[in-house]
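In what follows, a single structure is set out as structure tokens and then discussed.
There are 2 protein chains.
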Amino acid sequence: MLRQLFFVTSIAVVALANSQRKLSLDFPTPLLGNTSPGSVWPQPESHVSTAETFPVAVESFMFTYASKSYKCDLVYEAFKRYGAIIINSAGDQKLRFRPLTTPMLTGLEVNLMAPCEDYPSLDMDESYALDINSMAVATLTAKSVWGILRGMESFSQLLWESDSGQIVANKTNIIDKPRYAHRGILLDTSRHYQPVNVILENIDGMAYNKINVFHWHIVDDQSFPYVSTVYPDLSAKGAYNPITHIYTIEDVAEVIEYARLRGIRVVPEFDTPGHTTSMGKGQPGLLTECYTGSNPNGNYGPINPTVNTTYTFIQNLFTEVKSSFKDAYIHLGGDEVSFSCWQSNPAINNWMKSHNMTGDYKKLEQVYIQQVLDISAAIGYSYIVWQEVVDNGVKVKADTVVEVWINNHPDNELAKVTALGYRALLAAPWYLDYISTGEDWKRYYSYEPSNFNGTAEQKKLLIGGEACLWGEYVDGSNVTPRLWPRASAVAERLWSPETVNDVDAATPRLHQHRCRMVQRGIPAEPLHPGYCKHEWRN
Amino acid sequence: MLRQLFFVTSIAVVALANSQRKLSLDFPTPLLGNTSPGSVWPQPESHVSTAETFPVAVESFMFTYASKSYKCDLVYEAFKRYGAIIINSAGDQKLRFRPLTTPMLTGLEVNLMAPCEDYPSLDMDESYALDINSMAVATLTAKSVWGILRGMESFSQLLWESDSGQIVANKTNIIDKPRYAHRGILLDTSRHYQPVNVILENIDGMAYNKINVFHWHIVDDQSFPYVSTVYPDLSAKGAYNPITHIYTIEDVAEVIEYARLRGIRVVPEFDTPGHTTSMGKGQPGLLTECYTGSNPNGNYGPINPTVNTTYTFIQNLFTEVKSSFKDAYIHLGGDEVSFSCWQSNPAINNWMKSHNMTGDYKKLEQVYIQQVLDISAAIGYSYIVWQEVVDNGVKVKADTVVEVWINNHPDNELAKVTALGYRALLAAPWYLDYISTGEDWKRYYSYEPSNFNGTAEQKKLLIGGEACLWGEYVDGSNVTPRLWPRASAVAERLWSPETVNDVDAATPRLHQHRCRMVQRGIPAEPLHPGYCKHEWRN
Chain W
1 MLRQLFFVTS IAVVALANSQ RKLSLDFPTP LLGNTSPGSV WPQPESHVST AETFPVAVES
61 FMFTYASKSY KCDLVYEAFK RYGAIIINSA GDQKLRFRPL TTPMLTGLEV NLMAPCEDYP
121 SLDMDESYAL DINSMAVATL TAKSVWGILR GMESFSQLLW ESDSGQIVAN KTNIIDKPRY
181 AHRGILLDTS RHYQPVNVIL ENIDGMAYNK INVFHWHIVD DQSFPYVSTV YPDLSAKGAY
241 NPITHIYTIE DVAEVIEYAR LRGIRVVPEF DTPGHTTSMG KGQPGLLTEC YTGSNPNGNY
301 GPINPTVNTT YTFIQNLFTE VKSSFKDAYI HLGGDEVSFS CWQSNPAINN WMKSHNMTGD
361 YKKLEQVYIQ QVLDISAAIG YSYIVWQEVV DNGVKVKADT VVEVWINNHP DNELAKVTAL
421 GYRALLAAPW YLDYISTGED WKRYYSYEPS NFNGTAEQKK LLIGGEACLW GEYVDGSNVT
481 PRLWPRASAV AERLWSPETV NDVDAATPRL HQHRCRMVQR GIPAEPLHPG YCKHEWRN
Chain D
1 MLRQLFFVTS IAVVALANSQ RKLSLDFPTP LLGNTSPGSV WPQPESHVST AETFPVAVES
61 FMFTYASKSY KCDLVYEAFK RYGAIIINSA GDQKLRFRPL TTPMLTGLEV NLMAPCEDYP
121 SLDMDESYAL DINSMAVATL TAKSVWGILR GMESFSQLLW ESDSGQIVAN KTNIIDKPRY
181 AHRGILLDTS RHYQPVNVIL ENIDGMAYNK INVFHWHIVD DQSFPYVSTV YPDLSAKGAY
241 NPITHIYTIE DVAEVIEYAR LRGIRVVPEF DTPGHTTSMG KGQPGLLTEC YTGSNPNGNY
301 GPINPTVNTT YTFIQNLFTE VKSSFKDAYI HLGGDEVSFS CWQSNPAINN WMKSHNMTGD
361 YKKLEQVYIQ QVLDISAAIG YSYIVWQEVV DNGVKVKADT VVEVWINNHP DNELAKVTAL
421 GYRALLAAPW YLDYISTGED WKRYYSYEPS NFNGTAEQKK LLIGGEACLW GEYVDGSNVT
481 PRLWPRASAV AERLWSPETV NDVDAATPRL HQHRCRMVQR GIPAEPLHPG YCKHEWRN
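Chains as they are written, first to last, in UniProt numbering: chain W, 1 to 538; chain D, 1 to 538.
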């Protein structure tokens, strides 16, 4: 009688859910206030702390360089950001506490042991060591600026507000480094335009979760918001609105700089030959004309792989993209190519006949993708592709990264891709655009990426994963609470040791972390009944 | 290969969904900008308009009373609100357009044909007539202030922004009244505390959708945020936090006044005898002590129905509630009473024995609820109860309203409840806390409440319905986009004629309405790929 059965006809979902209104003796324990004070999310490789706490001198807190430390603009900017976070964490109470007897935590000394770097990369070193000793002296050491950034995030999470409202930190020693080098979040700015300030807000969220890649699925069938200097018609004709729903070169630069300061790579995806309807609007002749019988029917299919103009276009566009986006990698897409339009087009079929591939549209797809890969490589790009490229037998460079997204035994696909010697990214279990009632983060958290058949060498070829929030049903109104804290579950899976996998142990820490994000200005949604000390908009 | 299979173990959901990443030839048409300019949501009973448009004199627009109109503070406040909405709708472009040849729409003349009323009620008259004639003269007539409020909302929706950025309105005639008298939204402020400004924002949303009841599920097991003057310990000990997570008497008054100005009733729910854990914390002796064997085990069950102090408490609390909340109705709950704690308690069993009801816990529940109903009636309250009260055979007053929430053939339950002669509310198909990927609003929209077996008299006893957003997974961070525009589907189902039920016809209107809500400051989530002219946070 309390079980409810729903049918969602449009997407064939059957949800057999228990009652929302729980029996009074049986309701789940709410998550209340500080559930895991001073815990760090994602959990460090080693985190030892004692019950001893030191009050934090919030109003006079100082970040300083150790005497032998290298200095760096990235570190200086982080000093400012985390200084503001610490001040803000204290709310109105920051001036009340001036204990005289206990040693106070008055600052963090940062020791960067190597010269600064400009841009984060797949190979960056994110390890760090952090210590708050019994004299309330806090030190952070790292071999690269990226480790310093990760360590400062951890340090800021060590500070917590006691019941009396005082900001304190425990005596702590942390030694930390990530398990996987590529920990990404995909946002899709084509199905809906995502305003720049919403993107920046989510880059803040990524930093708070030690996510280090923003996979920017910037264009797709529905709209082309990227403003190209070489091909201005692409956004002029392909954006939802050519003035208000675009990313100018300055917008792109702002996003990249904002991410760089937080040690986050921005990897753009220009998906071809499918997912290109909007691209075709501003580039006549690019897409295949679909035919009904012997006449064009007004529809367009994937990019036309049989004409040279296609490759000139790709070369010019990607050369521009390479100069705008600083990362060594581009995501080339390559997924979900429909053959029906190619099949209908006489010119395509004639070309295939003259090239001895009559009827073999997979081969045609290979021809296209091969050339795009070669162009990208010649420009100097390393590349990521969706799994179909390899599934369809395209010859790719040895250093290609293959992203596994189809949620039909992704473990088998990882085994296959790594057996071929390619590096792999896992996205399939973490499609956050799929929603359901309840605590789906537990499912994301419980998926162990390395559980596939393969040698130790193969396991090493899995370089990380991505949480994907496709844009069909999200825009500025709801994208941030839909992403957080669900993506936090993926962040910990990809950063922390494999052994950190207990959902029950993670729950109070994730609640604490969610409340921390809320206090920092990220409208992360609740996990479960309960409350945060500082609620969103209260 | 593109189908994805998910298992959510915690709530037994199996979702078999099609791919999120559509084939490029097969992606759904995005909803772009003005999809149904000047359409009104929910759709009026009669709405006739022509293609002829008049520019609106936005910057000098005037609301005026007709010469014979009654005047009213509620109307005056609405003039101010809708004046601001009209000015805001024009954005930066309001001063550009000064056409000289076309007649301009310069104002709306309001004719209230009856004296003002203070508070909205179940019996209020919400009908109105609205006209924009060929001389660009706009008039609104209604027999009550509530009709004027509904008509002003419709009028504001007739104005739309043309592609050139000019605000215009079509020649229009509308005759309108609601299909059902009770069109409610339940928000739950116990599983999560919902900040007052978030409640007010959603009352705005209700007004934009002609929802006329805010069902305030104010307390439950998890927390008791209502501050009682007679029993201050209820919130002092039962709220999540007795200072920051409460509704003071002033907060309650603010919510009621904000709703009153918009013609929206506030019906509080104080659910008993179950769902009362938090209530027990501040009122020792109220709840039943649960036993293991012959000893109390520290847990508490439903309210103890066998002691007189219980009824004194209810009488005092509800008397206070009656003076704070102005509506004639209270929701008394009565759902999901677990018997196991009563069964374990020796004193309860002894009392039952001495009252000749040994082992009959349904009878015990009846005894409790009967007295609560009698107390409520004596105070002067009419009441709403959840369906179990009637299912369990409690004798209720003839004017009781029974709310059907269990989603197991709610049509049969409606048939049963109305056959017994009670009025009914339908909530079962509209539990918006259940979420799934895709356009679930279509399912809400397609549920026809009157499709149950019964006579014409029985059909009349169905007085409306409610969209319920239980609070387990929503708070200020996400409650508003989760509610809107999904609740808008229910709003149209309950307001518009039964024949207005075509999902495809509703889609462009709902997109337009969603974008309108966004522009007015409600972060309503997107329905589908596409864009609004004015995006949230862009």
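Don't be surprised by glycine CBs; every beta carbon is placed ideally from N, CA and C.
Quantities reported herein were computed from a predicted structural model and do not represent experimental measurements.
For the ligand HEM, I want to know if residue i counts as a neighbour, meaning its beta carbon is within less than 8 Å of at least one of the ligand's heavy atoms.
| i | result |
| --- | --- |
| P225 of chain D | Inclusion of the ligand HEM in the displayed structure is not the case, the ligand content being empty and no account of it being possible. |
With a threshold of 16 other CB atoms inside 10 Å of the CB of residue i, please say whether the residue is buried or exposed.
| i | result |
| --- | --- |
| S164 of chain W | exposed |
| K22 of chain D | At K22 of chain D the pLDDT is 41, less than 50, meaning the model places this residue with poor confidence; the figure from the coordinates comes in the next sentence. So K22 of chain D counts as buried. |
| T272 of chain W | buried |
| K336 of chain W | Checking the displayed sequence, the identity of residue 336 of chain W turns out to be Glu instead of Lys. It is buried - the Cβ of E336 of chain W has at least 16 other Cβ atoms within 10 Å. |
| T35 of chain D | buried |
| K94 of chain W | Confidence in K94 of chain W is poor, its pLDDT being 46 and thus under 50, which makes the residue's placement unreliable; the coordinate value appears in the next sentence. It counts as buried. |
| E250 of chain W | exposed |
| Q4 of chain W | Any answer about Q4 of chain W is weak, because its pLDDT of 35 lies below 50 and its placement is not dependable; what the coordinates show is given next. Q4 of chain W should be labelled buried. |
| S69 of chain W | buried |
| E492 of chain W | buried |
What does DSSP give as the partner residues of residue i in its beta bridges?
| i | result |
| --- | --- |
| P296 of chain D | D:Y291 |
| D176 of chain W | W:Y128 |
| D188 of chain D | D:H217 |
| P268 of chain D | D:W216 |
| F63 of chain W | W:L108 |
Do residue i and residue j have their CB atoms nearer than 9 Å?
| i | j | result |
| --- | --- | --- |
| L140 of chain D | G151 of chain D | yes |
| I175 of chain W | S67 of chain W | no |
| R262 of chain D | M206 of chain D | yes |
| Y180 of chain D | V110 of chain D | no |
| I199 of chain W | S89 of chain W | no |
| D411 of chain D | V474 of chain D | no |
| A239 of chain W | Y193 of chain W | yes |
| G421 of chain D | A456 of chain D | no |
| I185 of chain W | C468 of chain W | yes |
| I375 of chain D | F318 of chain D | yes |
| L105 of chain W | F63 of chain W | no |
| F452 of chain D | A415 of chain D | yes |
| E535 of chain W | P195 of chain D | yes |
| L510 of chain W | A489 of chain W | yes |
Between the C-alpha atoms of residue i and residue j, what's the straight-line distance to the nearest angstrom?
| i | j | result |
| --- | --- | --- |
| residue 586 of chain D | A236 of chain D | In this structure chain D extends from 1 to 538, so residue 586 of chain D is not present and cannot be described. |
| P305 of chain W | V267 of chain W | 25 Å |
| K210 of chain D | S344 of chain W | 51 Å |
| L425 of chain W | R537 of chain W | 37 Å |
| D391 of chain D | T400 of chain D | 14 Å |
| G380 of chain W | Q512 of chain D | 46 Å |
| V500 of chain D | Y226 of chain W | 41 Å |
| Q519 of chain W | G107 of chain D | 45 Å |
| E117 of chain W | A347 of chain W | 51 Å |
| G334 of chain D | R81 of chain D | 39 Å |
Find the nearest neighbour of residue i within the set the options, judged by alpha-carbon distance.
| i | options | result |
| --- | --- | --- |
| W386 of chain W | W:L332, W:W441 and W:D360 | W:L332 |
| H217 of chain W | W:V48, W:V196, W:Y193 and W:T189 | W:T189 |
| S496 of chain W | W:G464, W:G471, W:C468 and W:A524 | W:G464 |
| residue 548 of chain W | W:I167, W:M135, W:M113 and W:E153 | As displayed, chain W neither begins before 1 nor continues past 538, which places residue 548 of chain W out of reach and without an answer. |
| G33 of chain W | W:G285, W:R514 and W:Y119 | W:R514 |
| Y531 of chain W | D:S354, D:S477 and D:E153 | D:S477 |
| P523 of chain W | W:W484, W:A491 and W:S488 | W:W484 |
| S338 of chain D | D:L364, D:N350 and D:L317 | D:L364 |
| N133 of chain W | W:S127, W:K143 and W:K171 | W:K171 |
| E472 of chain W | W:N407, W:L187, W:Y247 and W:E525 | W:L187 |
| H409 of chain D | D:V394, D:G393, D:A428 and D:V396 | D:A428 |
| P44 of chain W | W:F155, W:G359 and W:C341 | W:F155 |
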